[in-house]
Structures are given as C-alpha cells and as structure tokens.
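Numbering (the numbering used here), first residue to last: 9 to 379.
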C-alpha cells in the first residue's frame with residue numbers, strides 16, 4: 009500500500025520527516041532538477057521513500073535540507089537509485105557529499121542482461137505490474153506551485169525502487185553477480201568522477217580526436233579557458249562557444265582579431281569580447297601542465313582499428329555467455345584507449361578484468377610493453 013504522499017517545504021516539517029526516515033535502514037531517492045540554461049544543475053525536488061514514508065522535499069524552499077543530508081551521507085544506510093549518476097552529481101554540488109552506499113537498479117539490470125540503459129518505468133512494469141504515468145515528463149520543476157499530479161508523478165519515481173531492487177538483488181545473488189554490482193555501485197560514488205576540472209575539459213570536446221598531435225595543446229588550453237568562463241557565468245559551455253567553432257579556431261590558427269571574428273560560426277559578441285584572449289591561448293608556447301600528451305586520443309592506425317574490432321567481438325561473445333549488457337563490460341571508447349596504450353582503465357580492474365582477461369591478453373601487449 010502506498011503511504012500518504014507528503015510535500016515538505018518548511019524546516020519544521022523536514023525535521024519531523026527526518027526523524028521518521030531515520031528509522032529505516034534504506035532510503036529510495038530520486039531528484040528533479042533543471043539544467044537547460046545553466047552550467048550547474050538547479051535542484052528542485054528530492055523524492056524519498058521508505059517502507060512507510062513517501063516524501064517530496066522542496067529544495068527551492070529548503071536549499072540546505074540538513075536532516076535529509078545527514079541521512080544520505082550515513083554509510084550504514086543503503087540508498088536505492090535508478091540511473092543515479094546525475095542525481096548523485098546534483099547532491100554533490102548541493103552539499104558536497106555523494107551518498108553511499110548505493111544500489112543502482114539500472115546497473116543491476118544491465119548485469120542481468122536486461123536492455124541497455126533500461127528505464128525505471130520498464131522495470132516497474134516488468135517486476136511490479138504497474139504502468140507508470142508519463143504525462144508530466146515535460147514539467148518545469150522550478151515552477152511553483154506544483155500541481156498534485158506533478159508531485160505524485162515525481163514521488164512515483166522512487167516509490168517502487170525498493171520492490172525492483174529486491175527482485176534484482178535476488179537474481180544477482182542467484183547468478184553470482186551481486187559482488188559485481190556492489191563493485192560498480194562503489195565506482196559510481198567516487199567523488200572524483202563528478203568534479204568538473206577545467207584542465208580535463210578537452211576530454212568532452214566532440215571531435216577533438218581528429219586533431220593532429222601538434223594541435224592538441226592549443227585545443228586543451230581553449231577548452232580549459234571556456235570551461236572556466238562557463239562555470240563563472242553559470243551557463244552551458246556550448247553557449248559560451250560551440251565545440252565545432254573551438255576546433256575550427258585550433259585548425260585555422262587565426263593571428264588577428266579580424267580573423268577570429270571572421271571564422272564561420274563565430275558569435276560576434278564572443279569575438280568582440282574575447283578575441284585577444286583566444287589569440288593568446290592559440291599561440292602560447294607551452295602545453296597545459298600535468299597533461300600526458302602521449303595519452304591523448306589519436307587516429308587509430310589500420311591495424312589498430314582491426315584490433316579494436318576483434319576486441320569488440322570478444323566483448324560481445326563474453327557478454328552473451330554471461331548474459332550481461334555488452335557496453336557495461338567495455339565500450340568502444342574503452343577498447344580504443346587500451347589499444348592506444350592506456351592501462352588506467354576500468355577494463356583492467358575488478359570483475360571486468362576477470363571477465364575480459366583472456367580476450368585482452370590475446371590482443372594487447374602487456375603493461376610496460378605498449379605499442
């Protein structure tokens with residue numbers, strides 16, 4: 009039976025709810041946030057469920073919900089989530105914590121061979137026989153007041169997590185994969201995974217792998233600089249300067265303000281404001297500090313591309329045999345990085361190393377003898 013849903017928007021109500029939530033050894037959580045016009049996500053709601061409680065906490069009215077945060081950071085209390093990476097990122101930005109330990113039902117489902125990136129609604133219908141209402145998917149969660157239908161829609165995103173998690177845990181244990189899931193969920197709560205370091209912003213530039221080695225230093229400088237501008241303005245990095253324009257700057261290497269302004273796709277206001285800084289970054293003599301240029305992406309040689317294809321086939325074979333979603337074991341990006349010589353990758357750690365060890369050894373040179 010679903011408990012009475014409570015919408016919490018006052019400190020007093022939150023304190024009382026926190027005391028009740030503290031009686032549960034687990035919390036099912038979800039968040040609603042907006043990230044359309046900002047760099048940082050704006051947390052609007054936190055939904056929480058236990059066996060006897062169902063709450064929606066208004067984090068616009070309560071931007072520092074301390075009683076809830078204390079429960080989320082309690083290492084003795086399991087947190088149930090679905091596809092929770094963004095939820096965890098939002099909570100880290102809100103309070104400087106990543107809730108742990110967690111059990112992510114999407115990860116668990118993938119380890120059991122269910123569809124890749126399976127939706128919460130799919131799992132609820134499969135395991136609970138309930139078709140969730142999808143009518144509020146386009147809600148602006150910053151608007152107040154929220155309608156009862158919107159609040160209930162949000163709350164249902166966490167209510168069934170416990171039932172779904174229970175079924176998945178049983179199946180994982182029966183198939184010897186519970187330890188794999190625990191390992192994956194532990195990886196999910198590493199705070200370093202959510203820190204947006206400007207010096208690493210080049211890794212998110214689409215198409216950067218097509219640059220020549222000599223062009224990388226300028227691209228990395230520009231990407232880091234753009235990231236800092238986006239953070240300072242709290243605007244999406246693409247609103248500051250689109251990836252394709254950033255790469256065009258690197259390829260063309262303009263030497264005058266007029267050449268910067270004349271580049272196809274260059275926003276006039278950006279050129280007026282930042283042309284001098286762009287020119288300085290493009291033609292600086294040194295590469296960014298603490299970056300291993302040898303580890304940068306580069307085009308694969310034909311023979312290397314063939315190795316990647318053989319590795320992909322090996323991953324798919326192992327995935328089929330183990331009834332695991334193949335991209336969870338290894339992505340093409342993982343395998344290409346390994347062929348380029350990287351060994352600090354997830355495929356060389358934990359359960360993946362056990363599953364893929366034979367496949368990797370057949371195609372890759374040992375550490376210290378990389379191509």
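Virtual Cβ for every residue (Gly too), placed ideally from N, Cα, C.
Here residue 274 carries a coil assignment [DSSP, helix/strand/coil]. Within its own chain, the residues whose Cβ lies closer than 7 Å to the Cβ of residue 242, once the five positions on either side in sequence are excluded, are 46, 47, 48, listed in chain order. Taking 7 Å as the cut-off, the Cβ atoms of residue 27 and residue 57 do not count as close. Using a C-beta cut-off of 8 Å, the segment 165-179 makes contact with the segment 134-154, since at least three inter-stretch Cβ pairs fall below that distance.
For residue 192, the secondary structure class from DSSP, reduced to helix, strand or coil, is helix. DSSP, reduced to helix, strand and coil, places residue 57 within a strand of the structure shown. If you draw a 10 Å sphere on the C-beta of residue 195, you find fewer than 16 other C-beta atoms in it, and that means exposed.
Straight-line spacing of the CA atoms in residue 227 and residue 251 works out to 10 Å.
Only residues of its own chain outside the window of five on either side were considered, and among them 233 have a CB closer than 8 Å to the CB of residue 285, listed in chain order. If you draw a straight line from the Cα of residue 72 to the Cα of residue 101, it comes to about 11 Å. Here residue 51 carries a strand assignment [DSSP, helix/strand/coil]. By the Cβ neighbour-count rule, residue 360 is buried, with 16 or more other Cβ atoms within 10 Å of its own. For residue 207, there is no enclosing alpha helix (DSSP H), since its DSSP letter is neither H nor E. Membership of residue 252 in the alpha helix (DSSP H) is indicated by the continuous run 251-260. The beta carbons of residue 16 and residue 66 sit about 6 Å from each other, so the pair counts as a contact at 8 Å. Sequence-distant partners of residue 120 (beyond 5 residues in either direction) whose C-beta falls short of 8 Å from its own C-beta, in its chain, are 176, 179, 180, 183, 185, 331, 332. 87 is the residue among 87, 103, 97 whose C-alpha sits nearest the C-alpha of residue 109. Excluding its 5 nearest sequence neighbours in each direction, residue 43 has C-beta neighbours in its own chain below 6 Å: 49, listed in chain order. In the DSSP assignment, no residue is bridged to residue 363. One thing to note: residue 115 has its Cβ within 7 Å of the Cβ of residue 192. If you look at residue 130, you'll find it isn't in any beta strand (DSSP E); it sits in the alpha helix (DSSP H) that goes 128-136.
Inclusion of residue 94 and residue 162 in the CB contact set at 7 Å is not warranted, their separation being larger than that value. For residue 87, DSSP records a beta bridge to 35, 110. By the neighbour-count criterion, in which a residue is buried when 16 or more other Cβ atoms sit within 10 angstroms of its Cβ, residue 97 is buried. In the three-state scheme derived from DSSP, where H, G and I count as helix and E and B as strand, residue 14 is classed as strand. Scanning 64, 63, 31 for the CA closest to the CA of residue 84 turns up 31.
Judged by their CB atoms, residue 40 and residue 22 are not nearer to each other than the 7 Å cut-off. Residue 306 holds the alpha-carbon nearest to the alpha-carbon of residue 222 among 236, 247, 306, 158. For residue 231, the closest alpha carbon among the candidates 206, 217, 280 is that of 206. Under DSSP, residue 41 forms a beta bridge with 51.
Excluding the 5 residues flanking it on each side, residue 316 has same chain C-beta neighbours closer than 8 Å at 308, 340, 343, 344, 347, in chain order. The continuous alpha helix (DSSP H) containing residue 342 extends over residues 340-347. Here residue 74 is exposed, its C-beta having fewer than 16 other C-beta atoms within 10 Å. For residue 65, the enclosing beta strand (DSSP E) stretches over residues 62-66.
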